[in-house]
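S.K.: For the first sequence, counting from 1, position 71 maps to 255 in the numbering used here; every step adds exactly one. We put the beta carbon where it would ideally sit given N, CA and C, even for glycine.
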Amino acid sequence: MKELPDNYYYLNFCEMVRFVHDSYSHLLNDRELAFWNIFRELPYNSKLLYVRMLTRKGELFRLSKLNYSEIEKISETYHFLADCGFVSYDLRHYSLNEVLHLFTKNEWILLLQKKKCCTKELKKLKRSELDSFIITLFKDHDWRELIQEPILKILNQDILNTFQILYFGNSIQSLTDFVLRDIGISTFESYDMNSLHCLFNDRFSLDQTLKFYKIRDQFLESSSLSSKELLSYLNKLNDLSGLPKHILPKVNKCKYSISRELERIKDFDNAILGYGLAEGISRERLVRTLDKNKQAEKGLSLCEEIIQDPLNIEELEFAIFFKNKLAKKLSLPTLSAEVFKPLQTTINIHKNEEFSVELASAAYFDTLGNCYYVENSLFAPMFTLFFWDFIFCDVPGAFTNPFQYRPHDFYEHDFWAKRNVQLNIDWFKAYVHNNLNKFWYNWTTKKNTLAPFIYWPVLTKELLDQVFLNISHTKLAHIFLHLAKDMRGNKSGFPDLIFFPNKGGVKLFEVKGPGDSLQKNQKRWLSFFEGIELNAEVVNVRWC
DNA sequence: GAACTTTTGG
DNA sequence: TTCACACATTCTT
DNA sequence: GAATGTGTGTCTCCAAAAGTTCTT
Ligand SMILES: [Mn+2]
Ligand SMILES: [Mn+2]
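(1) What separation, rounded to the nearest whole angstrom, lies between the Cα atoms of Glu489 and Ile504?
(2) Drop a sphere of 10 angstroms on the beta-carbon of His592, count the other beta-carbons inside from all chains shown, and report buried for 16 or more, exposed for fewer.
(3) Tell me, to the nearest whole angstrom, how far the beta carbon of Val616 is from that of Ala661; I am working on the premise that it is less than 8 Å.
(4) Of all the alpha helix (DSSP H) runs that stay within the bounds of the stretch 457-517, which reach a length of 4 or more residues?
(5) In terms of alpha-carbon separation, which member of Asn508, Ile533, Lys513, Lys659 lies closest to Leu519?
(6) Could you name each continuous alpha helix (DSSP H) segment of 4 residues or more that falls completely within the stretch 589-671, going from the start of the chain to the end?
(7) For Cys438 versus Arg400, is the C-beta spacing smaller than 7 Å?
(8) Can you tell me whether DSSP reads Glu694 as helix, strand or coil?
(9) Please classify His277: is it buried, with 16 or more other beta-carbons within 10 angstroms of its beta-carbon, or exposed?
(10) May I ask you to report which of helix, strand or coil DSSP gives Cys302?
(11) For Val271, which of helix, strand or coil comes out of DSSP?
(12) On the premise that Leu681 lies in contact with Phe549, defined as a C-beta separation below 8 Å, what is that separation, rounded to the nearest angstrom?
(13) In its own chain, which residues sit with a C-beta less than 7 Å from the C-beta of Leu552, not counting the 5 before and 5 after it?
(14) Measuring straight from C-alpha to C-alpha, what distance separates Phe524 and Ser711?
(15) Specify, as a first and last residue, the run of the beta strand (DSSP E) that Val722 falls within.
(16) Leu390 lies in the alpha helix (DSSP H); which residues open and close that run?
(17) Do the CB positions of Phe506 and Val471 come within less than 7 Å of each other?
(18) Whose C-alpha, out of Thr288, Lys645, Glu329, His657, is nearest the C-alpha of Lys631?
(19) Check each residue's C-beta against every heavy atom of ligand 1 and list, in chain order, those closer than 6 Å.
(20) Counting along the chain, where does the beta strand (DSSP E) carrying Ile335 start and finish?
(21) Taking C-alpha atoms, which residue in Asn422, Glu445, Cys382, Ala480 lies nearest to Leu404?
(22) How would you call Gln332, buried or exposed, if buried means at least 16 neighbouring beta carbons within 10 angstroms?
(23) Grouping DSSP H, G and I as helix and E and B as strand, with all else coil, what is Asn554?
(24) Are the beta-carbon atoms belonging to Ser389 and Pro428 less than 7 Å from one another?
(25) Enumerate in chain order the residues of its own chain whose CB-to-CB distance from Glu694 is below 6 Å, with the five nearest sequence positions on each side excluded.
(26) Select from Phe652, Ala668, Ile638 the residue whose C-alpha is nearest the C-alpha of Phe612.
(27) Beta carbon of Glu187: closer than 6 Å to some heavy atom of ligand 2?
(28) Rounded to whole angstroms, how far is the Cβ of Arg672 from the Cβ of Tyr595, which I believe are closer than 8 Å?
(29) Would the beta-carbon of Val695 be found less than 6 Å away from any heavy atom of ligand 2?
(30) I'd like to confirm the pairing. Which residues does DSSP put opposite Arg246 in its beta bridges?
(31) Let me make sure I understand the geometry here. Which of Phe576, Asn477, Ala546 has the alpha-carbon closest to that of Asp376?
(32) Drop a sphere of 10 angstroms on the beta-carbon of Tyr730, count the other beta-carbons inside from all chains shown, and report buried for 16 or more, exposed for fewer.
(33) Quick check on this structure: which residue in Asn229, His657, Phe599 has the alpha carbon closest to the alpha carbon of Val250?
(34) Here's a check: name, in chain order, each residue in its chain whose Cβ is nearer than 7 Å to the Cβ of Gly368, leaving out the five neighbours to either side.
(35) Keeping to the same chain, check which residues put their C-beta closer than 8 Å to that of Leu495; ignore five residues upstream and five downstream.
(36) Span of the alpha helix (DSSP H) holding Pro433?
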């Protein structure tokens, strides 16, 4: 773990804001521009204190809780911040409710002694009960006289939020990502960002995006909403316009979640309405809800529409299956589809609460050879290691900050086309065959670097050696091509175990304990492995 | 004061 | 924010 | 037994400090 300078948080903040200021100055409004221009001129201590406050939870802080060894002359420091509009400290602007959590139970009880409250009685109360007691106590008079120290309110928190969204391109990452990188916990690939690209074209699209995040956060925090409330969320989302391309999927996902909630509370009409607004991503739920709402004909024709132009294999398989189901319901002719039946074996092992079924099975097979519990952490990561240079190459718009574990367009349909990779088996065969050195070079030099699909602890040399020894380049090429064709859809569903028996060869096992059954994506991979003649079967575990 | 959760900071 | 599993309920045969 | 829906565990970095709850 590396040592950080004692003003690390300040340096990180400046690095981020300076980047945003330099590359997005044309998007920033007067308030945001002033924020940075005034901040830069603040005394050093005030800048430190402000950023320290930014990294903490909430917006109110007791001065006594802001003691940092590197920040001196705290009183002077916060007054300067207040004069420049970065904090305020007027108690009259706070409600009792906001201030409650700033003091511990014991502190409140001490303060209330002056109000001749019975200490023993109060100590018996739970925190939440004490809170409501205090609220009622001060219903008619002022609580502020009790407070003897300044309470600071941080201002302009929303600006940091805006800057983070501009810098990272999402609302998940934050200044802590700098720290995690700098102390060596997460290593990011050092890709080029020469073809610099703006995630937002104009102020309007940025504002709409900020609005979207606000609506989504509000929805995610809420619970057991009524039909009316859910609809109002849906309408708010629908009123947004001019959103940048990379935000649209998030909006659709949010519309989907809201509609799913409408479906759960059995407001099928509005759920159907909402699924329709989510542009494609929710056609399966739309069909199911139409069926629940006694609109089987409409569901059936939507199934046909999906079959004509499916979004992915999952959707296609669903449409075929459900079309049949609805046809039966409507007494229409049906097609009997061929069902894939994977090979099955049964093993009896002792139940041990300590280990999962997968680990217990792996231990069982390990006595007959070498067995590893790899699930999705073998083939997809190998794929990433082979194609590393394509994944991290500098395509315009792919990388906009140093904290990405994958390019922005990773899951887009034209991802490989943009990188001049033909999704063609001969090309893949040749590529795998000719790039083993590259694979091992990446495995060695990129170790512990964050990358799509990769979970490093599983990827040991011992395991990979056996994979290359027992699985031909041709078969690997087939697997990689399948992955490349639909990375989102095919990154999961791989069998639990890979087994190298003592007598030689390789087998993939999907472990199923009692009461568990194959999932759709697991079936698809098993059937794919059958197609390329790679041994894969289901292991049913019986406890004994 | 043990056992637990939440917050903090590098 | 993910995937796979466990478990409950309902449908289908 | 299949299909469907819901909830859970394990991850997201980790250790120390602060705060709460409940037991002895
Ligand atoms: Mn599994
Ligand atoms: Mn399994």
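M.R.: Concretely, from the data shown:
(1) The sequence position of residue 489 within the first sequence is 305, counting from 1. The sequence position of residue 504 within the first sequence is 320, counting from 1. Straight-line measurement puts the Cα of Ile504 at about 11 Å from the Cα of Glu489.
(2) In the first sequence, residue 592 corresponds to position 408, counting from 1. Buried is the label assigned to His592, since at least 16 other Cβ atoms lie within 10 Å of its Cβ.
(3) Along the first sequence, one-based indexing puts residue 616 at 432. Along the first sequence, one-based indexing puts residue 661 at 477. For a cut-off of 8 Å, the C-beta gap from Val616 to Ala661 is around 5 Å, short enough to register as a contact.
(4) Within the stretch 457-517, the complete alpha helix (DSSP H) segments of 4 residues or longer fall at 467-476, 480-492, 497-513, listed in chain order.
(5) In the first sequence, residue 519 corresponds to position 335, counting from 1. Comparing Cα-Cα distances from Leu519 to each of Asn508, Ile533, Lys513, Lys659, the minimum goes to Asn508.
(6) If we require 4 residues or more, the alpha helix (DSSP H) runs fully inside the stretch 589-671 come out as 599-602, 609-618, 620-629, 645-654, 657-669.
(7) What you label residue 438 is simply residue 254 of the first sequence in a count that begins at 1. What you label residue 400 is simply residue 216 of the first sequence in a count that begins at 1. When the beta-carbon positions are compared, Cys438 and Arg400 come within less than 7 Å of each other.
(8) Residue mapping note: residue 694 aligns to position 510 of the first sequence, counting from 1. Of the three classes helix, strand and coil, the one that applies to Glu694 here is strand, per DSSP.
(9) By 1-based counting over the first sequence, the position of residue 277 is 93. With fewer than 16 other Cβ atoms within 10 Å, it is exposed.
(10) Start at 1 with the first residue of the first sequence, and residue 302 comes out as number 118. In this structure, Cys302 counts as coil in the three-state DSSP scheme.
(11) Position 87 of the first sequence, counting from 1, holds the residue named residue 271. Of the three classes helix, strand and coil, the one that applies to Val271 here is strand, per DSSP.
(12) On the first sequence, position 365 is the one that residue 549 refers to. On the first sequence, position 497 is the one that residue 681 refers to. Indeed they touch by this definition, with Cβ atoms about 7 Å apart.
(13) Within the first sequence, numbered from 1, the residue matching residue 552 stands at position 368. Correct list, in chain order: Pro685, Asn686.
(14) Walking along the first sequence from the start, residue 524 turns up at place 340. Walking along the first sequence from the start, residue 711 turns up at place 527. Each residue's alpha carbon lies about 7 Å from the other.
(15) Working through the first sequence from its first residue, we reach residue 722 at position 538. Val722: member of the beta strand (DSSP E) spanning 720-727, first to last residue.
(16) Working through the first sequence from its first residue, we reach residue 390 at position 206. Run containing Leu390: 387-405, per the alpha helix (DSSP H) assignment.
(17) Here residue 506 corresponds to residue number 322 of the first sequence, with the count starting at 1. Here residue 471 corresponds to residue number 287 of the first sequence, with the count starting at 1. In this structure, Phe506 places its C-beta atom within 7 Å of the C-beta atom of Val471.
(18) By 1-based counting over the first sequence, the position of residue 631 is 447. Considering only alpha carbons, the answer is Lys645.
(19) Having a Cβ closer than 6 Å to some heavy atom of ligand 1 are Glu542, Glu559, Asp680.
(20) The count along the first sequence starts at 1 and reaches residue 335 at position 151. Taken as a continuous stretch (DSSP letters only), the beta strand (DSSP E) holding Ile335 covers 335-338.
(21) As a position in the first sequence, residue 404 is number 220, starting the count at 1. If we check each option's Cα against that of Leu404, Glu445 comes out closest.
(22) Counting from 1 along the first sequence, the entry for residue 332 is found at position 148. Label assigned to Gln332: exposed.
(23) Counting from one through the first sequence, the residue named residue 554 turns up at place 370. Under the three-state reduction of DSSP, Asn554 is assigned to strand.
(24) On the first sequence, residue 389 is found 205 positions in, with the first residue counted as 1. On the first sequence, residue 428 is found 244 positions in, with the first residue counted as 1. It is a contact, given that the beta carbons lie within the stated cut-off.
(25) Indexing the first sequence from 1 puts residue 694 at position 510. Closer than 6 Å at Cβ, skipping near neighbours: Pro679, Asp680, Gln706, Val722.
(26) In the first sequence, residue 612 corresponds to position 428, counting from 1. Residue Ala668 holds the alpha-carbon nearest to the alpha-carbon of Phe612 among Phe652, Ala668, Ile638.
(27) Sequence index remark: in the first sequence, residue 187 carries index 3 (1-based). At a cut-off of 6 Å, the beta-carbon of Glu187 does not count as near ligand 2: no heavy atom of the ligand is closer than that.
(28) Residue 672 sits at position 488 when you count from the first residue of the first sequence. Residue 595 sits at position 411 when you count from the first residue of the first sequence. Taking C-beta atoms under 8 Å as the contact rule, Arg672 and Tyr595 qualify, at a distance of about 5 Å.
(29) On the first sequence, residue 695 is found 511 positions in, with the first residue counted as 1. Because some heavy atom of ligand 2 lies under 6 Å away, the Cβ of Val695 counts as near it: yes.
(30) Indexing the first sequence from 1 puts residue 246 at position 62. Under DSSP, Arg246 takes part in a beta bridge, and its partners are Ile335.
(31) Here residue 376 is taken as the residue at index 192 of the first sequence, counted from 1. With distances taken between Cα atoms, Asp376 lies closest to Phe576.
(32) Within the shown structure, residues of the chain are numbered from 185 to 728, placing residue 730 beyond reach of any answer.
(33) For this step, residue 250 is matched to residue 66 along the first sequence. Per the sequence presented here, residue 250 reads as Leu, with Val not at that position. Cα-wise, what sits closest to Leu250 is Asn229.
(34) As a working note, residue 368 is residue 184 in the first sequence. Correct list, in chain order: Met185, Lys186.
(35) Locating residue 495 in the first sequence gives position 311, counting from the first residue. Excluding residues within five positions, the ones whose Cβ falls inside 8 Å are Gly464, Ile465, Arg467.
(36) Start at 1 with the first residue of the first sequence, and residue 433 comes out as number 249. Here the alpha helix (DSSP H) through Pro433 covers 432-448.
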